[in-house]
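Asks: Residue numbers (the numbering used here): 724 to 808.
Have a look at this one before I ask anything.
Encoded structure:
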């Protein structure tokens with residue numbers, strides 16, 4: 724039996740909230756019970772305000788920590804390219 728002080732904890736993190744409008748990506752609801760923290764897409768690469776709000780609310784119900792997954796304003800390149808302006 725492990726001593727409580729010697730047990731290790733792992734933060735199992737997942738990127739979520741990447742659906743946009745009527746386009747749905749991933750199974751956020753299905754994975755939430757198995758992760759300890761999430762990063763919500765909140766830039767211009769994916770996610771919309773409605774998806775972000777719903778994902779935060781779902782995470783809070785599951786007592787999952789919430790972080791941000793920001794991006795450049797680059798929808799076509801999934802937020803990875805710096806703007807040219």
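Just so it is clear, CB atoms sit at the ideal spot from N, CA and C, and this is done for glycine as well.
1) Identify, in the order they occur along the chain, each residue of the same chain with its Cβ nearer than 7 angstroms to the Cβ of residue 744, setting aside the five sequence neighbours on each side.
2) With DSSP run on the structure shown, which of helix, strand or coil describes residue 763?
3) With 16 as the cutoff for other CB atoms within 10 Å, does residue 741 come out buried or exposed?
4) Between 791, 773, 736, 792, which has its C-alpha nearest residue 747's C-alpha?
5) Considering Cα atoms alone, identify which of 779, 775, 788, 797 is closest to residue 758.
Replies: In short, the structure shows the following:
1) Along the chain shown, one-based indexing puts residue 744 at 21. Spatial neighbours of residue 744 in its own chain (CB-CB distance under 7 angstroms, excluding positions within 5 residues in sequence) are listed in chain order as 771.
2) Counting from one through the chain shown, the residue named residue 763 turns up at place 40. Of the three classes helix, strand and coil, the one that applies to residue 763 here is strand, per DSSP.
3) Position 18 of the chain shown holds residue 741. With a threshold of 16 other beta carbon atoms within 10 Å, residue 741 meets it and is buried.
4) The sequence position of residue 747 within the chain shown is 24, counting from 1. The candidate whose alpha carbon is nearest that of residue 747 is 773.
5) The sequence position of residue 758 within the chain shown is 35, counting from 1. Looking at the Cα atoms, 788 is the closest of the given residues.
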